[in-house]
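**Q** Mind having a look at this structure? Questions to follow.
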Amino acid sequence: MRLYVHAISSYRSDREDLDIKKELKQKCKIDLRRKEEFIYAGLLGALRLQENGDIKRESELYLTSGFGNINILAKMNEYIVEKKEHIKLFDFINMLGNTTNFYVASELGIKGKSIFEISDNFTYFHTLISIYASILKNNNEVIIGAIDLASHNPEVMKRVAGVEESVNAVSSVMYQKVSLESKNALCALEFDTKFYSKSEIETLIEKENREVVFSMRCDTENNNYFETFASCVVNDMILKAQNCLYIECYEEKYKILKVTPL
Amino acid sequence: MANILKTSILSSLGDLNSSLEAIKKSQTGISTRAIRAIEGDVEMPYYTLAKSVEDTQEGICPELKKVVAELLSGISQEDKKQTIIIIGTSIIDWHVIDAIESSNYEYKRKPYASQKRSIDSYAKDLSDEFELNGFTLTINTACTSSVNAILEASNLIDAGIYKYGVVVGLEIYSQMMSSGFYAMQLLSQSTIKPFDTQRGGTILGEAVAGVLLGTDKSEWQIKGGFSNCNGVSITAVSRDGDEFVEMMHNALKTSQISVEEITAIKAHATGTDSNDISEINAISKVFNESVIFTALKPYVGHTVGACGALEIALFMACIDDGFLPKTLNHADPILENYRPLLEQKECSSGTFMLNFFGFGGNNTSLILKKEFS
Numbered sequence: 021m022r023l024y025v026h027a028i029s030s031y032r033s034d035r036e037d038l039d040i041k042k043e044l045k046q047k048c049k050i051d052l053r054r055k056e057e058f059i060y061a062g063l064l065g066a067l068r069l070q071e072n073g074d075i076k077r078e079s080e081l082y083l084t085s086g087f088g089n090i091n092i093l094a095k096m097n098e099y100i101v102e103k104k105e106h107i108k109l110f111d112f113i114n115m116l117g118n119t120t121n122f123y124v125a126s127e128l129g130i131k132g133k134s135i136f137e138i139s140d141n142f143t144y145f146h147t148l149i150s151i152y153a154s155i156l157k158n159n160n161e162v163i164i165g166a167i168d169l170a171s172h173n174p175e176v177m178k179r180v181a182g183v184e185e186s187v188n189a190v191s192s193v194m195y196q197k198v199s200l201e202s203k204n205a206l207c208a209l210e211f212d213t214k215f216y217s218k219s220e221i222e223t224l225i226e227k228e229n230r231e232v233v234f235s236m237r238c239d240t241e242n243n244n245y246f247e248t249f250a251s252c253v254v255n256d257m258i259l260k261a262q263n264c265l266y267i268e269c270y271e272e273k274y275k276i277l278k279v280t281p282l
Numbered sequence: 033m034a035n036i037l038k039t040s041i042l043s044s045l046g047d048l049n050s051s052l053e054a055i056k057k058s059q060t061g062i063s064t065r066a067i068r069a070i071e072g073d074v075e076m077p078y079y080t081l082a083k084s085v086e087d088t089q090e091g092i093c094p095e096l097k098k099v100v101a102e103l104l105s106g107i108s109q110e111d112k113k114q115t116i117i118i119i120g121t122s123i124i125d126w127h128v129i130d131a132i133e134s135s136n137y138e139y140k141r142k143p144y145a146s147q148k149r150s151i152d153s154y155a156k157d158l159s160d161e162f163e164l165n166g167f168t169l170t171i172n173t174a175c176t177s178s179v180n181a182i183l184e185a186s187n188l189i190d191a192g193i194y195k196y197g198v199v200v201g202l203e204i205y206s207q208m209m210s211s212g213f214y215a216m217q218l219l220s221q222s223t224i225k226p227f228d229t230q231r232g233g234t235i236l237g238e239a240v241a242g243v244l245l246g247t248d249k250s251e252w253q254i255k256g257g258f259s260n261c262n263g264v265s266i267t268a269v270s271r272d273g274d275e276f277v278e279m280m281h282n283a284l285k286t287s288q289i290s291v292e293e294i295t296a297i298k299a300h301a302t303g304t305d306s307n308d309i310s311e312i313n314a315i316s317k318v319f320n321e322s323v324i325f326t327a328l329k330p331y332v333g334h335t336v337g338a339c340g341a342l343e344i345a346l347f348m349a350c351i352d353d354g355f356l357p358k359t360l361n362h363a364d365p366i367l368e369n370y371r372p373l374l375e376q377k378e379c380s381s382g383t384f385m386l387n388f389f390g391f392g393g394n395n396t397s398l399i400l401k402k403e404f405s
């Protein structure tokens, strides 16, 4: 399966010291009141993507994440379980999985399909596969946004992720606009449905003349962590104009993504 | 196009057979639950699963396994390796809650575990347990979650990427979700009255509902569908229903089906003020007064993320049994000459439009066809 990337946007909290809400206030068309950080993060990525290419009304929007919006659940849990209070209206709305989709779609002027989805261990890969199938059916451009927001208490994110307590939890928002059209594309993404074994991966690494990048989960030298690192690698390789073989792993299952800037 | 090969459900009326028998007798699964409100916990109507499920992550698992096991019976080990699982739900991620409580409250602290858990862990555990392909997804698009899961699975099968797709709609009681619906003043104190001038809101419910998709021969074909993100606000479309009109036209177009070919509509029909007025206005703009439409929520409640898979399974069961189910609790139409089906009607085949609308501007229409046999 091959998809072509036509526009990207990037944000990582360990690379950029940014007051996201302040940034949005200057540029965002939609009302920012009574919303919260996960939505702001999604909007930041969308605004930056918009600056890098036209978005069509019928485009489809797929947002994915390692864990969704942890902070709003912590707030709700505090109200309901600890303080025995009721839920406030806007907190409830902000808690719903697809709320960020609605505001991102509104900001981008998208009226097409809008999906919020999580896949336990290969969330970016499985989202790419479902996007590929959707494009084959509908022939639309698709916006894919990968949003991981570090929890206020970083331990929560690390517990959910099942990573070492010592890692540095990072917020990341990466967007790509993808289609089957190769003309004027920034990059080709190649992926498949196969789960590879360790020995198959070792053979592939030897065979492929590409830089190899491992997911943060299996790269013991990388002390930063967010789940949708694959999406970040795509954007980084486009900016560096460098081929790469990205390898994601979990429970001795491996997936590969070939990133080829054009 | 993908076909629907099998369904399996657990609703407030029981399993598929029990639910069908209850619908035939106009019985509902309504009971009550305590819902957190400003004034404290209030007892409200609620459609609880016939077999009570504990409000924890472990509590759901036996019911999920039961539904999925029934769907997969008869699928070979080899074909299971080409079978994916997609869950559509709006339930709270209890794995995250568990991590929050362990991290933020000393008295609830648990040992640090090095295993990733997410809302999709239910799907992953099922995939592991039944030795499926390993491709899993969990979709949350509010009330359209599981119908969107069906469309996504259908795309993956139609593209030839996978052979079978198990789609599960899942919704169980949660204080957070029910309290949120209460805060929005969307809940009825009595019954769901679809498209009625006296409608007073919806009633939430629980369900675990599964659908098996594949290209094997089946009487039930997915002809097409359309999903969009189009609302005037995060919680509603316009009262004239134009967003739903666009969705229905696009669903017909992608299915290559004309308006005249639609035998009947399964309406979303939550019984809330805003949904029902928008939906009836939209229906009247696409279909003439002779259109047959009906609602299932008065029988099983509004099962939010599960309502797609649940209502599709129930609707198919009714048609397989030879009838279109009547709409309960309707007396006075909100739009003259557009009255839902008030008596069961013989029907064992046809082309059907099944509509679902959700918060976040998510609107989805699915077109199913059952061949005359």
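First to last, the protein sequences are chains B and Z.
Numbering of the first sequence is given in the working numbering, commencing with residue 21 and proceeding in unit increments.
Numbering of the second sequence is given in the working numbering, commencing with residue 33 and proceeding in unit increments.
Cβ coordinates follow ideal geometry from the N, Cα and C atoms, glycine included.
#1: Put Asp-73(Z) into one of helix, strand or coil per three-state DSSP.
#2: How long is the line joining the alpha carbons of Ser-192(B) and Arg-53(B), rounded to whole angstroms?
#3: Could you check where the alpha helix (DSSP H) with Asn-307(Z) kicks off and where it finishes?
#4: Just how far apart, CA to CA, sit Gly-354(Z) and Asp-248(Z)?
#5: How would you label Gly-65(B), buried or exposed, when you count the other beta carbons within 10 angstroms and need 16 or more for buried?
#6: Between the segment 386-405 of chain Z and the segment 254-270 of chain Z, do at least 3 Cβ pairs fall closer than 8 Å?
#7: Indicate whether at least one CB of chain Z lies closer than 9 Å to the CB of Ala-125(B).
#8: Please confirm if the segment 133-148 of chain B is in contact with the segment 164-174 of chain Z, defined as three or more CB-CB distances below 8 Å between the two stretches.
#9: Starting from Glu-268(B), follow its DSSP beta bridges and name the residues at the other end.
#10: List, in chain order, every chain Z residue whose beta-carbon is nearer than 8 Å to that of Ala-153(B).
#11: From Ala-191(Z) to Lys-140(Z), what does the alpha carbon distance come to, in whole angstroms?
#12: Apply the 10 Å Cβ neighbour rule to Thr-304(Z) and answer buried if 16 or more other Cβ atoms are within range, or exposed otherwise.
#13: Compare the Cα-Cα distances from Ile-155(B) to each of Asp-160(Z), Glu-184(Z) and Asp-157(Z) and report the closest residue.
#14: Going along chain B, which residues have a C-beta under 7 Å from Ala-131(Z)?
#15: Got a sec: is the Cβ-Cβ distance from Asp-168(B) to anything in chain Z below 9 Å?
#16: Can you give me the Cβ contacts of Ala-181(Z) inside the same chain, cut-off strictly under 6 Å, excluding the 5 residues immediately before and after it?
#17: Mind checking whether Glu-238(Z) and Ile-204(Z) have CB atoms under 9 Å apart?
#18: Could you tell me the boundaries of the alpha helix (DSSP H) in which Leu-52(Z) lies?
#19: Given a cut-off of 9 Å, decide if Gly-86(B) and Phe-246(B) are closer than it, judged by their beta-carbon atoms.
#20: When burial is assigned at 16 or more other CB atoms within 10 Å of the CB, is Asn-320(Z) buried or exposed?
#21: Spell out the partners DSSP gives Thr-168(Z) in its beta bridges.
#22: Put Asp-130(Z) into one of helix, strand or coil per three-state DSSP.
#23: If you draw a straight line from the alpha carbon of Asn-187(Z) to that of Lys-195(Z), how long is it in whole angstroms?
#24: According to a CB-to-CB cut-off of less than 8 Å, which residues of the segment 79-93 of chain B neighbour chain Z?
#25: Take the Cβ of Asn-165(Z) as the centre, count every other Cβ of all protein chains shown within 10 Å, and call the residue buried at 16 or more, exposed below.
#26: Please list the partners that Leu-128(B) has in chain Z, where partner means a Cβ-to-Cβ separation under 7 Å.
#27: Starting from Phe-227(Z) and walking both ways along the beta strand (DSSP E), at which residues does that stretch end?
#28: Anything in chain B within Cβ reach of Ser-134(Z), meaning under 9 Å, just list it in chain order.
#29: Listing by chain order, which chain Z residues have their CB less than 7 Å from the CB of Ser-139(B)?
#30: Among residues of its own chain, excluding the 5 on either side of Leu-244(Z), which ones have a beta-carbon nearer than 7 Å to its beta-carbon?
#31: Is Lys-329(Z) buried or exposed, if buried means 16 or more other CB atoms sit within 10 Å of its CB?
#32: Which residue marks the beginning of the alpha helix (DSSP H) containing Cys-379(Z), and which one marks its end?
#33: Spell out a yes or no on whether the segment 367-384 of chain Z and the segment 77-94 of chain Z are touching, meaning 3 or more CB-CB pairs, one atom from each, closer than 8 Å.
#34: Between the segment 206-236 of chain Z and chain B, which residues of the former have a C-beta closer than 7 Å to a C-beta of the latter?
#35: Starting from Asn-172(Z), find everything on chain B with Cβ-Cβ shorter than 7 Å and list it in chain order.
#36: Who are the neighbours of Leu-109(B) on chain Z, taking C-beta pairs under 7 Å?
**A** Reading it off the structure:
#1: Numbered from 1 along the second sequence, position 41 holds the residue referred to as residue 73(Z). Strand.
#2: The residue you call residue 192(B) lines up with position 172 of the first sequence. The residue you call residue 53(B) lines up with position 33 of the first sequence. Going from the Cα of Ser-192(B) to the Cα of Arg-53(B) covers about 22 Å.
#3: Residue mapping note: residue 307(Z) aligns to position 275 of the second sequence, counting from 1. Note, Asn-307(Z): alpha helix (DSSP H), 305-318.
#4: Taking the second sequence and counting its residues from 1, the one referred to as residue 354(Z) is at position 322. Taking the second sequence and counting its residues from 1, the one referred to as residue 248(Z) is at position 216. The alpha-carbon atoms of Gly-354(Z) and Asp-248(Z) are separated by roughly 23 Å.
#5: For this step, residue 65(B) is matched to residue 45 along the first sequence. Counting Cβ neighbours within 10 Å, Gly-65(B) comes out buried, since at least 16 surround it.
#6: yes
#7: Mapped onto the first sequence, residue 125(B) falls at position 105. Answer yes: the Cβ-Cβ gap between Ala-125(B) and chain Z drops below 9 Å somewhere.
#8: yes
#9: In the first sequence, the residue the question calls residue 268(B) occupies position 248. Note: Glu-268(B) sits in a beta bridge opposite Lys-275(B).
#10: Stepping through the first sequence from its first residue, residue 153(B) is reached at position 133. The contacting residues are Glu-184, Asn-187, Leu-188, Asp-190, Ala-191 and Ile-193.
#11: The residue given as residue 191(Z) occupies position 159 in the second sequence. The residue given as residue 140(Z) occupies position 108 in the second sequence. Cα to Cα, Ala-191(Z) sits roughly 47 Å from Lys-140(Z).
#12: By one-based count along the second sequence, residue 304(Z) stands at place 272. Thr-304(Z) is buried by the Cβ-count criterion.
#13: Start at 1 with the first residue of the first sequence, and residue 155(B) comes out as number 135. Comparing Cα-Cα distances from Ile-155(B) to each of Asp-160(Z), Glu-184(Z) and Asp-157(Z), the minimum goes to Glu-184(Z).
#14: On the second sequence, residue 131(Z) is found 99 positions in, with the first residue counted as 1. Those within 7 Å of Ala-131(Z) in chain B are Val-176, Arg-179 and Val-180.
#15: Here the question's residue 168(B) lines up with position 148 in the first sequence. Asp-168(B) does not count as touching chain Z.
#16: Locating residue 181(Z) in the second sequence gives position 149, counting from the first residue. The residues are Ile-118, Gly-120, Ile-171 and Val-199.
#17: What you label residue 238(Z) is simply residue 206 of the second sequence in a count that begins at 1. What you label residue 204(Z) is simply residue 172 of the second sequence in a count that begins at 1. Yes, Cβ-Cβ distance for Glu-238(Z) and Ile-204(Z) is below 9 Å.
#18: Counting from one through the second sequence, the residue named residue 52(Z) turns up at place 20. Its alpha helix (DSSP H) spans residues 48-56.
#19: Within the first sequence, numbered from 1, the residue matching residue 246(B) stands at position 226. Within the first sequence, numbered from 1, the residue matching residue 86(B) stands at position 66. Result yes, Cβ atoms of Phe-246(B) and Gly-86(B) sit closer than 9 Å.
#20: Position 288 of the second sequence, counted from the start, is the residue given in the question as residue 320(Z). Classification for Asn-320(Z): exposed.
#21: Looking up residue 168(Z) in the second sequence gives position 136. Paired residue(s): Ile-117(Z).
#22: As a working mapping, residue 130(Z) is identified with position 98 in the second sequence. Three-state result, Asp-130(Z): helix.
#23: As a first step, residue 187(Z) must be located in the second sequence, where it is residue number 155. As a first step, residue 195(Z) must be located in the second sequence, where it is residue number 163. Computed Cα separation, rounded: 11 Å.
#24: Leu-81, Gly-86, Phe-87, Gly-88, Ile-90 and Leu-93
#25: For this step, residue 165(Z) is matched to residue 133 along the second sequence. So Asn-165(Z) counts as buried.
#26: On the first sequence, position 108 is the one that residue 128(B) refers to. Neighbours of Leu-128(B) on chain Z: none; closest Cβ ~10 Å, over 7 Å.
#27: Reading the second sequence from its first residue, position 195 is the one you call residue 227(Z). Phe-227(Z) -> no beta strand (DSSP E), and no H or E assigned at all.
#28: Counting from 1 along the second sequence, the entry for residue 134(Z) is found at position 102. The contacting residues are Glu-175, Val-176 and Arg-179.
#29: Translated into positions along the first sequence, residue 139(B) becomes position 119. The contacting residues are Asp-152, Thr-168 and Leu-169.
#30: Numbered from 1 along the second sequence, position 212 holds the residue referred to as residue 244(Z). Result list for Leu-244(Z): Leu-37, Lys-38, Leu-103, Tyr-196 and Val-198, in chain order.
#31: For the purposes of this step, residue 329(Z) is identified with residue 297 of the second sequence, where counting begins at 1. Burial call: buried.
#32: Position 347 of the second sequence holds residue 379(Z). Neither: Cys-379(Z) is in no alpha helix (DSSP H) and is coded neither H nor E.
#33: no
#34: Gln-207, Met-208, Ser-211, Gly-212, Ala-215 and Met-216
#35: On the second sequence, position 140 is the one that residue 172(Z) refers to. Those are Gly-117, Asn-118 and Phe-136, listed as they occur along chain B.
#36: On the first sequence, position 89 is the one that residue 109(B) refers to. Going along chain Z in sequence order, the residues near Leu-109(B) (Cβ under 7 Å) are Ala-215 and Met-216.
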